[in-house]
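> Have a look at this one.
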Amino acid sequence: MSPLDMAISGAYALALLALPLRPVAASAAIVVVTLAEVMMPMDSWAVQSMWGLWYALIVLTMRGLLWPAVAAIVVLSCLSLAQGDRMLITTFHPSMMLMLPFLVVACMLGLGMRMWRLEMRRKERAEARRALLERENAQYRERLDLLHRLHGEVAGSLAYAVLLCRRMREENGRSAEADSDSAGYAARVEEAVTQALGSLRHGVIEPTRRLVEEGPPVGAADGHPSEGTAASGDAMATIRRHVERAADRLRGVGLPCETVVRGDPSGLDGERAALIVRVVDEMGNNMVKYAVPGPCAIAVVADDAGGVRVWSSNACAGANAGEAEDAGEVGDGESSLSGGTGLALLRDSLAVYGGSLTVSREDDIWTASAVLPAPIAPTV
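What the sequence shown shows, in UniProt numbering, is residues 1 to 380, in sequence order.
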């Protein structure tokens, strides 16, 4: 073996050893070694690098270097033909023309593996994006649920307490045996609760509403049911309980209220039942805040498929406070009681499920109607 043969064989061995560490550089070195071998005489005893070239072409095409790999095959083939290479099989020097189909297969194999890796990476990125959207959607639903609880339950209860204090002061004022101390306590309690309600609305509810108004992430998947949500079998019992609570509050401030709860909620899942509860609570809160003495009613009707309609009606006088709240145009005197948030939130929540909320006023009768359609069954 001549010194040149030893040098080429040593370079080939080093390139093979470096292949796991520096795959692209080592593959390029193997191509150069093969090019040097092709240019050597046929009686050279250098280590044959043709099979190493096969692996090198796979590595190059896997790394996206398809055209350099093709160019290497073309150059090697041209040099072999110029030297009179034919499709011969020998022990140490297989013909370049004989190896050409194997080298083409190596490029195709490397290209296929690269496409497979790119597809796997694309799927991994898509899965990561979907997981991120699911987390963002869950956070959005949590913010929306928190806002509904703050506005519908906490703020609604405080507003109801304020109205009870006002009613107590009015009754003491009309009574012949008025208790000035009780009236004073009621006034102070009303003032304290009104201040707390104003702080809650302007310091917590409004900032949270601005976050929710940004909307859910585009392409987000449906969220999971909230904790504590009633199961389908208990959905109507939960709804009935909230309807009766709203009616009791209305009766507590002197408004006789009729209630109707009817239908089979078998197609109503936990999230949709929780949404109907929010609708009932918000309608009840609006009636407590804006209704004048007169008849009022709340009705909830569910169908077998899971669709629900909630309807409320009450007498009102003067400017339509419900319309003002719906537009966010609430006077200063009632800002702590209303805030102009509830109906807008209900519309946003119902729209997620394809539902709607309509309000109207005719002959001093304020009517609100919320429709939650039945879920669409998946097609097979």
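The C-beta atom is built at its ideal place from N, Cα and C for all residues, glycine as well.
By DSSP's criteria, Ser80 is part of a beta bridge. Which residues make up the other side?
Answer is none; Ser80 lacks a bridge partner.
> One question on the structure: do Val193 and Ile239 come within less than 9 angstroms of each other, judged by their Cβ atoms?
no
> Measuring CA to CA, which of Trp116, Gly307, Ser77 is closest to Leu350?
Gly307
> Below 7 angstroms CB to CB, which residues in the same chain sit around Thr358 once its five sequence neighbours on both sides are set aside?
Ser369
> For the pair the region 162 to 170 and the region 241 to 260, tell me if three or more CB-CB distances fall below 8 angstroms.
yes
> For Asp364, which option in Arg125, Val32, Pro295 has the closest C-alpha, if you only look at C-alpha atoms?
Pro295
> Leaving out the 5 sequence neighbours to the left and right, which residues in its chain are closer than 8 angstroms to Tyr353 when beta-carbon positions are compared?
Arg272, Leu275, Leu372, Pro373, Pro375
> Are Ala297 and Val260 touching if we call contact CB-CB under 9 angstroms?
yes
> Name the one or two DSSP bridge partners that Arg361 has.
Trp366
> Where do the ends of the alpha helix (DSSP H) carrying Ser312 lie?
Looking at the DSSP string, Ser312 is not in any alpha helix (DSSP H); the run it does join, the beta strand (DSSP E), is 308 to 315.
> Can you tell me whether DSSP reads Arg262 as helix, strand or coil?
strand
> Can you give me the Cβ contacts of Leu346 inside the same chain, cut-off strictly under 8 angstroms, excluding the 5 residues immediately before and after it?
The beta carbon of Leu346 sits closer than 8 angstroms to those of Arg278, Val279, Glu282, Leu357, Ala370, all from its chain and outside the five residues before and after it, given in chain order.
> Could you spell out the range, first to last residue, of the alpha helix (DSSP H) harbouring Ala56?
It spans 50 to 62 - the alpha helix (DSSP H) in which Ala56 sits, taken as one unbroken run.
> For the candidate residues Arg135, Val154, Arg121, Ala315, whose alpha-carbon lies nearest to that of Pro293?
Taking Pro293 as reference, the option from Arg135, Val154, Arg121, Ala315 with the minimal CA-CA separation is Ala315.
> Can you name the start and end residues of the alpha helix (DSSP H) that Ala235 belongs to?
235 to 252
> State yes or no: is the C-beta of Met287 within less than 9 angstroms of the C-beta of Ala344?
no
> For Pro68, which residues in the same chain have their Cβ closer than 7 angstroms to its Cβ, ignoring the five residues on either side in sequence?
Closer than 7 angstroms at Cβ, skipping near neighbours: Leu60.
> Which two residues bound the contiguous alpha helix (DSSP H) that contains Val154?
No alpha helix (DSSP H) contains Val154, which DSSP labels as neither H nor E.
> Using the three-state DSSP reduction, which class does Leu372 fall into: helix, strand or coil?
Three-state DSSP puts Leu372 in a strand.
> For the alpha helix (DSSP H) that Ala291 lies in, which residues bound it at each end?
No alpha helix (DSSP H) holds Ala291; DSSP gives it neither H nor E.
> Shortest alpha-carbon distance to Ser80 belongs to which of Ala36, Gly64, Gln139?
Ala36
> Hey, is Ala155 close to the ligand ATP, as in C-beta under 8 angstroms from one of its heavy atoms?
The ligand ATP is not part of this structure, which contains no ligands at all.
> In angstroms with no decimal places, state the Cα-to-Cα distance between Leu250 and Glu190.
Distance between the alpha carbons of Leu250 and Glu190 is about 18 angstroms.
> Give me the Cα-Cα distance between Ala72 and Ala28, rounded to the nearest whole angstrom.
Looking at the two C-alpha atoms, the distance is approximately 10 angstroms.
> Go ahead and label Val301 buried or exposed: buried means 16 or more other beta carbons lie within 10 angstroms of its beta carbon, across all protein chains shown.
exposed
> Are Leu57 and Ala106 close, meaning C-beta to C-beta below 9 angstroms?
yes
> Less than 9 angstroms between the beta carbons of Ile30 and Ser9, yes or no?
no
> Thinking just about the alpha-carbon of each residue, which of Ala299, Ala305, Asp303, Asp304 is nearest to the one in Ser312?
Ala299
> Can you look up Ala305 in the DSSP assignment and give me helix, strand or coil?
coil
> What are the residues that DSSP puts in a beta bridge with Ala299?
Val260, Trp311
> Alpha carbon to alpha carbon, what distance is there between Ala305 and Ala155?
Rounded to whole angstroms, Ala155 to Ala305 spans 33 angstroms at the Cα level.
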